[in-house]
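*Asks:*
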Amino acid sequence: MTAQEYVETVLHDIQVSSPGQVEFYQAAEEVLHSLRPLLEEDPKYIEHNILHRIVIPERTIIFRVVWIDDAGKPQTNLGYRVQFSSTLGPYKGGLRFHPSVNLGIIKFLGFEQIFKNALTGLGIGGGKGGSNFDPKGKSDNEVMRFTQSYMNELYRHIGQTHDVPAGDIGVGAREIGYLFGQYKKLTGRFEGILTGKNLRWGGSNTRTEATGYGSVYFAENILNANGMELKGKTCTVSGSGNVAIYTIEKLQSMGAIPVSCSDSKGTIHHPSGINIETLKAIKEVNRGSLEEYARLHTDATYVPLHSYPEGGHAVWSIPCDVAFPSATQNELNLVDAKHLVAHGCRLVNEGANMPTTPDAVAYLQEHDVFFGPAKAANAGGVAVSQLEMAQNASMEHWSFAEVDTKLFEIMKNIFNTAHETAEAYGHPGNLIVGANIAGFQKVADAMIDQGAV
Ligand code: NDP
Numbered sequence: 003m004t005a006q007e008y009v010e011t012v013l014h015d016i017q018v019s020s021p022g023q024v025e026f027y028q029a030a031e032e033v034l035h036s037l038r039p040l041l042e043e044d045p046k047y048i049e050h051n052i053l054h055r056i057v058i059p060e061r062t063i064i065f066r067v068v069w070i071d072d073a074g075k076p077q078t079n080l081g082y083r084v085q086f087s088s089t090l091g092p093y094k095g096g097l098r099f100h101p102s103v104n105l106g107i108i109k110f111l112g113f114e115q116i117f118k119n120a121l122t123g124l125g126i127g128g129g130k131g132g133s134n135f136d137p138k139g140k141s142d143n144e145v146m147r148f149t150q151s152y153m154n155e156l157y158r159h160i161g162q163t164h165d166v167p168a169g170d171i172g173v174g175a176r177e178i179g180y181l182f183g184q185y186k187k188l189t190g191r192f193e194g195i196l197t198g199k200n201l202r203w204g205g206s207n208t209r210t211e212a213t214g215y216g217s218v219y220f221a222e223n224i225l226n227a228n229g230m231e232l233k234g235k236t237c238t239v240s241g242s243g244n245v246a247i248y249t250i251e252k253l254q255s256m257g258a259i260p261v262s263c264s265d266s267k268g269t270i271h272h273p274s275g276i277n278i279e280t281l282k283a284i285k286e287v288n289r290g291s292l293e294e295y296a297r298l299h300t301d302a303t304y305v306p307l308h309s310y311p312e313g314g315h316a317v318w319s320i321p322c323d324v325a326f327p328s329a330t331q332n333e334l335n336l337v338d339a340k341h342l343v344a345h346g347c348r349l350v351n352e353g354a355n356m357p358t359t360p361d362a363v364a365y366l367q368e369h370d371v372f373f374g375p376a377k378a379a380n381a382g383g384v385a386v387s388q389l390e391m392a393q394n395a396s397m398e399h400w401s402f403a404e405v406d407t408k409l410f411e412i413m414k415n416i417f418n419t420a421h422e423t424a425e426a427y428g429h430p431g432n433l434i435v436g437a438n439i440a441g442f443q444k445v446a447d448a449m450i451d452q453g454a455v
């Protein structure tokens with residue numbers, strides 16, 4: 003069987019066995035097609051049937067979560083934890099609370115996480131979880147009762163050498179706190195079973211900032227390798243959550259000008275540069291809407307979601323040198339890619355997971371826009387999560403500067419690995435191919451070492 007035939011067979015089998023899981027299929031298609039140069043060169047991966055094995059999670063847990071709302075009424079949600087691969091270490095990957103969550107989304111995120119975690123070189127497996135619970139509009143007490151109920155089931159499936167979840171969309175410091183408290187109550191044990199913990203009780207310096215800072219470090223590596231730098235560049239950023247905020251903060255400290263942010267209701271364009279204090283106050287403290295930002299800064303414009311340009315998103319119609327999609331999956335489509343190319347954008351660097359649609363990626367590559375793929379560009383978060391696990395295990399606490407320096411080095415290594423692998427397999431400059439092959443090879447070789455399990 004040729005590499006091409008093998009990839010087609012595995013993708014066909016995914017469609018049959020996982021009907022309707024469109025995001026998972028999209029992620030698998032991108033990874034598997036890009037592995038062809040490796041599969042052609044080394045037949046052992048086909049002989050050991052690695053692709054068929056790696057696309058099936060080791061374990062999928064789906065459970066009912068019942069919680070009591072403020073009116074005293076029981077409400078229900080679905081809870082998920084997909085333990086995808088423990089080949090390189092304990093399952094590691096965040097929890098997402100968002101109404102769009104379903105099994106296909108959790109599987110896409112878990113699948114990507116396997117290779118991302120392998121790329122960090124840190125000995126962590128891949129997993130992901132979450133719920134279709136929507137924290138928006140809920141009181142603190144409702145969020146607490148939901149998260150406690152979610153942990154009532156999850157606690158029996160996690161452990162510091164087994165599975166260590168973290169945050170993702172809708173799961174930040176508040177939710178991690180409630181989850182940790184409930185785990186401790188249920189088990190009587192204070193242990194590092196979650197990362198992203200508060201600094202006061204077991205968290206790591208720089209974990210909050212890690213994904214955004216890491217994404218900016220990665221972008222700087224790409225630009226430097228091509229004779230450019232972020233300093234002085236106009237940058238557009240989407241989202242206004244954890245990843246977006248710390249992308250904007252780091253861009254400013256490196257002398258770039260981040261001019262946008264967005265949320266699920268609209269986009270802010272602030273040509274003189276986003277005011278980070280205002281953004282943090284609205285989103286981190288008050289959990290408010292970006293409409294408030296335009297009221298406070300009259301030289302900024304707010305474009306509500308319903309008035310976005312035909313088929314595209316307002317944030318990508320703003321002229322920029324570098325774009326940082328940092329909100330959610332499939333948020334940058336072909337229409338947006340055309341806007342970016344027309345405005346002379348030089349680099350798209352993915353802070354979110356799979357934010358760029360496949361046709362948009364192809365268009366950007368055809369037009370020589372550099373591309374930082376998510377599994378490499380946003381790996382800083384999980385890398386510092388692993389550093390949090392290491393500190394918990396050794397009962398140490400490293401300084402902000404110490405962890406930031408390690409993060410910087412890890413992002414540089416990830417870039418070098420992806421860059422060199424792309425070149426070695428005949429796709430120079432294509433970091434998608436480089437990241438996928440390098441991450442896959444680490445996991446696949448270890449799977450072969452560990453036998454057919
Ligand atoms: P947050 O919940 O902190 O922020 C998400 C942001 O995206 C918010 O501004 C939210 O708007 C917006 N958003 C979410 N869903 C949608 C949607 N369907 N349509 C439009 N806007 C949306 O999440 P994070 O910043 O943590 O995560 C952002 C992305 O980065 C995700 O893809 C995540 O998987 C990825 N990621 C996160 C890591 C981390 O360490 N946190 C690590 C690696 C990747 P609103 O404010 O209105 O809700």
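If you read the sequence shown in my numbering, its first letter stands for residue 3, the second for the next number, and so on. Heads up, the beta-carbon is just placed ideally off N, CA and C, and yes, glycines get one too.
(1) For P76, which residues from the same chain have a beta carbon less than 8 Å from its beta carbon, with the 5 sequence-adjacent residues on both sides left out?
(2) Just checking G172 against the ligand NDP - is the residue's beta carbon closer than 6 Å to any of the ligand's heavy atoms?
(3) Give a single yes or no on whether N355 has its beta carbon closer than 6 Å to a heavy atom of the ligand NDP.
(4) Taking Cβ positions, are F220 and G374 nearer each other than 7 Å?
(5) Buried or exposed for T122, please, with buried defined as at least 16 other CB atoms from any protein chain shown within 10 angstroms of its CB.
(6) Quick one: measure Cβ to Cβ for I126 and N119, integer angstroms, because I've assumed they're closer than 8 Å.
(7) Would you call the stretch 100-115 and the stretch 26-46 in contact, with 3 or more CB pairs under 8 Å?
(8) Ordered along the chain, which non-local residues of its own chain (more than five positions away) have a Cβ less than 6 Å from that of Q2?
(9) Can you check which of these residues, V218, G172, T213 and V166, is closest to E193 by C-alpha distance?
(10) Could you check if V103 is buried or exposed, using at least 16 other CB atoms within 10 Å of its CB as the buried criterion?
(11) Candidates V218, S141, S206 and L156: which alpha carbon is nearest Y82's?
(12) Taking only three categories from DSSP, how would you classify A420?
(13) At 4 residues or longer, what runs of the alpha helix (DSSP H) sit wholly inside the stretch 312-360?
(14) How many whole angstroms separate the CB atoms of V324 and K235, which I take to be in contact at a CB cut-off of 8 Å?
(15) Please indicate yes or no: does the CB of D406 lie closer than 6 Å to some heavy atom of the ligand NDP?
(16) Quick check: what's the CA-CA separation for D15 versus L334?
(17) Determine, using beta carbons only, whether A424 and N432 come nearer to each other than 7 Å.
(18) With H, G and I counted as helix, E and B as strand and the rest as coil, what does DSSP make of I70?
(19) Can you give the Cα-Cα distance for Y497 and A381, rounded to whole angstroms?
(20) For V445 and I439, I'd like the C-alpha separation in whole angstroms.
(21) Give the single residue among L253, N228, N351 and D361 whose Cα lies nearest to the Cα of P430.
(22) Within its chain, find whatever has a CB closer than 7 Å to the CB of G96; leave out the 5 residues flanking it on each side and keep chain order.
*Replies:* On the basis of the supplied data:
(1) V68, W69 and I70
(2) yes
(3) yes
(4) yes
(5) buried
(6) Right, their Cβ atoms sit about 4 Å apart.
(7) yes
(8) Not covered by the structure: residue 2. The range shown for the chain is 3 to 455.
(9) V166
(10) Burial state of V103 is buried, judged by a 10 Å Cβ sphere holding 16 or more other Cβ atoms.
(11) L156
(12) helix
(13) Within the stretch 312-360, the complete alpha helix (DSSP H) runs of at least 4 residues are 336-344.
(14) Indeed they touch by this definition, with Cβ atoms about 5 Å apart.
(15) no
(16) 28 Å
(17) Yes. Within cutoff.
(18) Looking at I70 - three-state DSSP - the assignment turns out to be strand.
(19) As shown, the chain starts at 3 and ends at 455. That puts residue 497 outside it, with no answer to give.
(20) 10 Å
(21) Comparing Cα positions, the closest option is N228.
(22) K130, P167, A168, G169, D170 and V173
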